[in-house]
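Undergrad: Read top to bottom, the protein sequences are chains A and B. Under numbering that gives the first Met the number 0, the first residue of the first sequence carries the number 0, and numbering increases by one thereafter. Under numbering that gives the first Met the number 0, the first residue of the second sequence carries the number 0, and numbering increases by one thereafter.
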Amino acid sequence: MPVGAAVAAGVLAVLVLGALIGPVLRPARVDLDRVYAAPSLAHPMGADGSGRDLLAMVLSAMRVSLVISVLAAAVAVAVGVTIGAVAGILGRWADALTMRFIDFMASQNHFLFAILLVVLFRPVLGGQGAVLLSVGLTHWTTVARIIRSELLSLRTRPFIAAAIGGGAGRWRLFRRHLLPHLAPATITAMILLVPHAIFHESGLSFLGLGLPAHRASLGNMLADSQHAIYAGAWWTVLYPGLVIFALAASVGTLGEWLRDRTQPRWRSELQL
Amino acid sequence: MLRRTRGGRSPSSTWAMIGRRLLALPVVLLAVAAFTFFLARVSPRDPVQSYATVQSTVRQQTAEEIAAAWGLNEPPHRQFLSWLGNLLRGDLGNSRLLGGQPVLDEIGARLLPSAVLVGAALLLVLVGGLLAGTAAAAFRDTWVDRAVRTLCYVNLAAPSFWIGLLMIWVFAIQLGWLPPGGMTDPRAVDPPLVDLRHLILPALTLAAAQHAWFTLYVRNTVLSVRQDDYVRFAEASGLGRGTVLFRHALPNALLPFLTLTGAHLAELIGGTVLAETIFGWPGVGQLAVQAALAADLPLLLAITLAGSVLVVLGNLTADVSYRIADPRVREPAL
Chain A
0 MPVGAAVAAG VLAVLVLGAL IGPVLRPARV DLDRVYAAPS LAHPMGADGS GRDLLAMVLS
60 AMRVSLVISV LAAAVAVAVG VTIGAVAGIL GRWADALTMR FIDFMASQNH FLFAILLVVL
120 FRPVLGGQGA VLLSVGLTHW TTVARIIRSE LLSLRTRPFI AAAIGGGAGR WRLFRRHLLP
180 HLAPATITAM ILLVPHAIFH ESGLSFLGLG LPAHRASLGN MLADSQHAIY AGAWWTVLYP
240 GLVIFALAAS VGTLGEWLRD RTQPRWRSEL QL
Chain B
0 MLRRTRGGRS PSSTWAMIGR RLLALPVVLL AVAAFTFFLA RVSPRDPVQS YATVQSTVRQ
60 QTAEEIAAAW GLNEPPHRQF LSWLGNLLRG DLGNSRLLGG QPVLDEIGAR LLPSAVLVGA
120 ALLLVLVGGL LAGTAAAAFR DTWVDRAVRT LCYVNLAAPS FWIGLLMIWV FAIQLGWLPP
180 GGMTDPRAVD PPLVDLRHLI LPALTLAAAQ HAWFTLYVRN TVLSVRQDDY VRFAEASGLG
240 RGTVLFRHAL PNALLPFLTL TGAHLAELIG GTVLAETIFG WPGVGQLAVQ AALAADLPLL
300 LAITLAGSVL VVLGNLTADV SYRIADPRVR EPAL
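1) Chain A beta carbons: is any one of them nearer than 8 Å to that of Ile17(B)?
2) Roughly how many angstroms separate the alpha carbons of Gly209(A) and Pro183(A), rounded to a whole number?
3) Measure from the C-beta of Ala146(B) to each C-beta in chain A and report whether the shortest distance is under 8 Å.
4) Spatial neighbours of Met0(B) within its chain, please: C-beta separation below 7 Å, excluding the five flanking residues on both sides.
5) From Leu203(B) to Pro179(B), what distance separates their C-alpha atoms?
6) Only counting runs of 3 or more residues, tell me where the beta strand (DSSP E) segments fall wholly within the segment 162 to 230 of chain B, in order along the chain.
7) Below 7 Å CB to CB, which residues in the same chain sit around Tyr238(A) once its five sequence neighbours on both sides are set aside?
8) Asn85(B) by DSSP, collapsed to three states: which one?
9) Anyone know if the C-beta pair for Phe205(A) and Phe278(B) falls short of 8 Å?
10) Which residues of chain B have a Cβ atom closer than 7 Å to the Cβ of Asn108(A), listed in chain order?
11) Can you give me the C-alpha to C-alpha distance between Gly282(B) and Ala305(B), rounded to a whole angstrom?
12) Against chain A, with Cβ distances strictly below 8 Å, would Phe37(B) count as a contact?
13) Can you tell me which of Val193(A), Ala215(A) and Trp233(A) puts its alpha carbon nearest to the alpha carbon of Gln173(B)?
14) Tell me, please, whether the segment 194 to 211 of chain B touches the segment 109 to 128 of chain B by the rule of three or more beta-carbon pairs shorter than 8 Å.
15) Output, in sequence order along the chain, the residues in the segment 190 to 204 of chain A whose CB is closer than 8 Å to any CB in chain B.
16) With respect to the alpha helix (DSSP H) encompassing Ser148(A), which residues constitute its N-terminal and C-terminal limits?
17) Can you tell me whether Ser94(B) is helix, strand or coil according to DSSP?
18) State buried or exposed for Ser81(B), treating a residue as buried only when at least 16 other CB atoms are found within 10 Å of its CB.
19) Apart from the five residues on each side of it in sequence, which residues of its chain come closer than 7 Å, Cβ to Cβ, to Pro297(B)?
20) Count the other CB atoms, across all protein chains shown, that sit within 10 Å of the CB of Asn85(B); report buried if there are 16 or more and exposed otherwise.
21) Within the 8 Å Cβ cut-off, does Ile88(A) reach chain B?
22) Could you tell me the boundaries of the alpha helix (DSSP H) in which Met61(A) lies?
23) Determine, using beta-carbon pairs with one atom in the segment 7 to 17 of chain A and one in the segment 184 to 201 of chain A, whether at least three such pairs fall under 8 Å.
24) Can you tell me whether Gln100(B) is helix, strand or coil according to DSSP?
25) Going by DSSP, which residues form a beta bridge with Ala46(A)?
26) Between the Cα of Leu87(B) and those of Val41(B), Arg77(B), Ala32(B) and Ala39(B), spot the shortest distance and give me the residue it belongs to.
27) Nearest to Val2(A) by alpha carbon, out of Ser249(A), Pro263(A) and Thr261(A)?
28) For the pair the segment 156 to 172 of chain A and the segment 212 to 231 of chain A, tell me if three or more CB-CB distances fall below 8 Å.
29) Got a sec, what are the start and stop residues for the alpha helix (DSSP H) Gly239(B) sits in?
30) Got a sec, what are the start and stop residues for the alpha helix (DSSP H) Phe205(A) sits in?
31) Where does Leu269(A) fall in DSSP's three states?
32) Check this for me: beta carbons of Asp318(B) and Gly261(B), under 8 Å apart or not?
33) On the three-state DSSP scale, how would you describe Ser249(A)?
34) What in chain B is Cβ-close to Trp233(A), meaning under 7 Å?
35) Suppose contacts are defined by Cβ-Cβ distances below 8 Å. Is Ile167(B) in contact with Ala207(B) by that definition?
36) Got a sec: is the Cβ-Cβ distance from Phe160(B) to anything in chain A below 8 Å?
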């Protein structure tokens, strides 16, 4: 393991541990005597506009953002694997049509599109569900391309011909013979998508289009800090953003290390 | 050989390519239109409610009247065709957010500020990336290279709106050098069209999200092109390092970036949403957020469509200029 990946693993371990046990050890309480209190020994990150300890807020926001980002990446991977599998297994015109669709989606502006999806589906799915859906439906294209090309190269392998010769149907072929070979690529693609999902969740929440305002997410905290900064509370801007940065950088570095080890051919396919 | 290549330059083939791509444009737009229409159809949002205000509920009879007036009770394919017909006539509907104004007028009025912002950011990305990337390659493995690369990696992992907020804190609030928002000084008697002081921070924020890929691209390209025979020949001929780099290596190495610029235009346009919101820049991106917050579907759909048109046109422009700049692409495969 190179130094960079080891450091990233350490940082991520600390962040995840903090997200897990932090909210238990350090619950956030409203304290109107401490509104916008500057960082001190008792409150290393200061306090926010309701006098809540910023460290406690950051820890619970991190938990929310991490869970949502991982789920959103999983949705994107599920969509991508399905569409990539349709292209790679059916082949011919289905493949051509799907590839056109992928090219078309990939060239579109995914942030505007994500906003449209959130607005359309928030009434039924709620803020959290809409974020999952919009990230999932805008980030699947790279996954679909990877799965398709993996399937195309798998199809020519002898063990697939043997399975077909043995009488395996399409579904059994996919489930028993192709899917296990797709697992490493799928997991790597998902890890590489997590930083994107973190950006999108925080970006959408920052605009007021993501999680409901009462939920402590990193994007919501930054949205509040937009006003707090004029009151001189720089810590409300610095720390939530720093956590997003640390999360994205550590997950991204780990993902790239994993990619270089397991999928050396991808270098140009998925980039942080 | 060289003369034959030059002789093979036929402007007609470039024109044919432009023609083909322009013909494909309506197909792409039809796909975007159909896709957005499909999404709006399957979404649970009631189109009648979206013409009423958020708080008010509409009586059953009134709802039916509104639905009839807008043709909402017709079958989906008829709705799509009439929507498409309106689209072709330039009627994208009226915006509730803007008090019933046609959405196209409002988008048109806000295009210029967004174009100024995107243009300035693109300039920053290209010039800054070219300088920083070349410097990093020329001083490979020195502190210059390390600093440039670190900055790139930081920018890849830091959300641009956070960088924008930090810059407001440092440059607008602490130092007071630059205004924190708006496009012009509200106190100015006769404000200029574009106030450069107001442009700097938003353009830097927008560029921050995009400069890293370009800088790293320039760095890697310059590093690899320095191994090429023609560059080594130029160096062996006794030309200075700077001459070789700027006259021989860079012009050839950087041609493909024209295509990349087209591809990243979509990201830049998407970035305006966050940058304009932070800095109160009166462009289309800010309008998109306002439309989204008010659930003003006609306006939001129109902005999404306009974004798609711009991205398609941007890609086309990039490909055409690539063909004009690089004769090799025009030639049939050797």
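Every residue, glycine too, gets a C-beta built ideally from N, C-alpha and C.
TA: The short version:
1) What you label residue 17(B) is simply residue 18 of the second sequence in a count that begins at 1. So no, Ile17(B) is outside the interface.
2) Along the first sequence, read from residue 1 onward, the residue named residue 209(A) stands at position 210. Along the first sequence, read from residue 1 onward, the residue named residue 183(A) stands at position 184. If I take the Cα positions, the gap works out to 31 Å.
3) Along the second sequence, read from residue 1 onward, the residue named residue 146(B) stands at position 147. For Ala146(B), the answer is no, since every Cβ of chain A falls outside 8 Å of its Cβ.
4) If you number the second sequence from 1, residue 0(B) lands on position 1. Reliability of the predicted coordinates at Met0(B) is poor, the pLDDT of 37 falling under 50, and no value is obtained from them.
5) If you number the second sequence from 1, residue 203(B) lands on position 204. If you number the second sequence from 1, residue 179(B) lands on position 180. So the alpha carbons of these two residues sit roughly 13 Å apart.
6) none
7) Position 239 of the first sequence, counted from the first residue, corresponds to residue 238(A). Once the five neighbours on either side are set aside, the close Cβ partners of Tyr238(A) are Met44, Leu53 and Val57.
8) Mapped onto the second sequence, residue 85(B) falls at position 86. Helix.
9) Translated into positions along the first sequence, residue 205(A) becomes position 206. Translated into positions along the second sequence, residue 278(B) becomes position 279. Taking 8 Å as the Cβ cut-off, Phe205(A) and Phe278(B) do not qualify as a contacting pair.
10) Taking the first residue of the first sequence as 1, we reach residue 108(A) at position 109. Per Cβ cutoff of 7 Å: Ala265, Ile268, Gly269, Gly306 and Val310.
11) Reading the second sequence from its first residue, position 283 is the one you call residue 282(B). Reading the second sequence from its first residue, position 306 is the one you call residue 305(B). Gly282(B) and Ala305(B): Cα-Cα distance of roughly 13 Å.
12) Working through the second sequence from its first residue, we reach residue 37(B) at position 38. No, its Cβ sits nowhere closer than 8 Å to a Cβ of chain A.
13) One-based indexing of the second sequence puts residue 173(B) at position 174. It is Trp233(A).
14) yes
15) For the segment 190 to 204 of chain A, which is checked against every Cβ of chain B, the residues closer than 8 Å are Pro194, Phe198, Ser201 and Gly202.
16) Here residue 148(A) refers to the residue found at position 149 when the first sequence is read from its first residue. Per DSSP, the continuous alpha helix (DSSP H) segment holding Ser148(A) begins and ends at Thr140 to Arg154.
17) Your numbering for residue 94(B) matches position 95 in the second sequence. It is a strand residue.
18) Numbered from 1 along the second sequence, position 82 holds the residue referred to as residue 81(B). Exposed: under 16 other Cβ atoms inside 10 Å.
19) Residue numbering aside, residue 297(B) sits at position 298 when the second sequence is read from its first letter. Here the set comprises Leu91, Gly92, Asn93, Ser94 and Val102.
20) Numbered from its first residue, the second sequence carries residue 85(B) at position 86. Looking at its Cβ environment, which holds fewer than 16 other Cβ atoms inside 10 Å, Asn85(B) is exposed.
21) As a working mapping, residue 88(A) is identified with position 89 in the first sequence. Not one chain B Cβ lies under 8 Å of Ile88(A).
22) The sequence position of residue 61(A) within the first sequence is 62, counting from 1. Taken as a continuous stretch (DSSP letters only), the alpha helix (DSSP H) holding Met61(A) covers Leu53 to Ala84.
23) no
24) What you label residue 100(B) is simply residue 101 of the second sequence in a count that begins at 1. The answer is strand: DSSP assigns Gln100(B) an E or B state.
25) Walking along the first sequence from the start, residue 46(A) turns up at place 47. Asp52(A), per the DSSP bridge assignment.
26) Counting from 1 along the second sequence, the entry for residue 87(B) is found at position 88. Ranking Val41(B), Arg77(B), Ala32(B) and Ala39(B) by Cα distance to Leu87(B) puts Ala32(B) first.
27) Here residue 2(A) corresponds to residue number 3 of the first sequence, with the count starting at 1. Ranking Ser249(A), Pro263(A) and Thr261(A) by Cα distance to Val2(A) puts Ser249(A) first.
28) no
29) In the second sequence, residue 239(B) corresponds to position 240, counting from 1. That residue, Gly239(B), is in no alpha helix (DSSP H); it is neither H nor E in DSSP.
30) As a working mapping, residue 205(A) is identified with position 206 in the first sequence. That run of the alpha helix (DSSP H) goes Leu178 to Phe205.
31) Here residue 269(A) is taken as the residue at index 270 of the first sequence, counted from 1. The predicted position of Leu269(A) is uncertain, since its pLDDT is 39 and thus under 50; a value taken from the coordinates is nonetheless stated next. Leu269(A): coil per DSSP, three-state reduction.
32) Reading the second sequence from its first residue, position 319 is the one you call residue 318(B). Reading the second sequence from its first residue, position 262 is the one you call residue 261(B). Taking 8 Å as the Cβ cut-off, Asp318(B) and Gly261(B) qualify as a contacting pair.
33) By 1-based counting over the first sequence, the position of residue 249(A) is 250. Ser249(A) falls in the helix class under three-state DSSP.
34) As a first step, residue 233(A) must be located in the first sequence, where it is residue number 234. By Cβ distance, chain B contributes Trp168.
35) In the second sequence, residue 167(B) corresponds to position 168, counting from 1. In the second sequence, residue 207(B) corresponds to position 208, counting from 1. Not in contact: Ile167(B) and Ala207(B) (Cβ atoms no closer than 8 Å).
36) The count along the second sequence starts at 1 and reaches residue 160(B) at position 161. It does; some Cβ of chain A falls within 8 Å.
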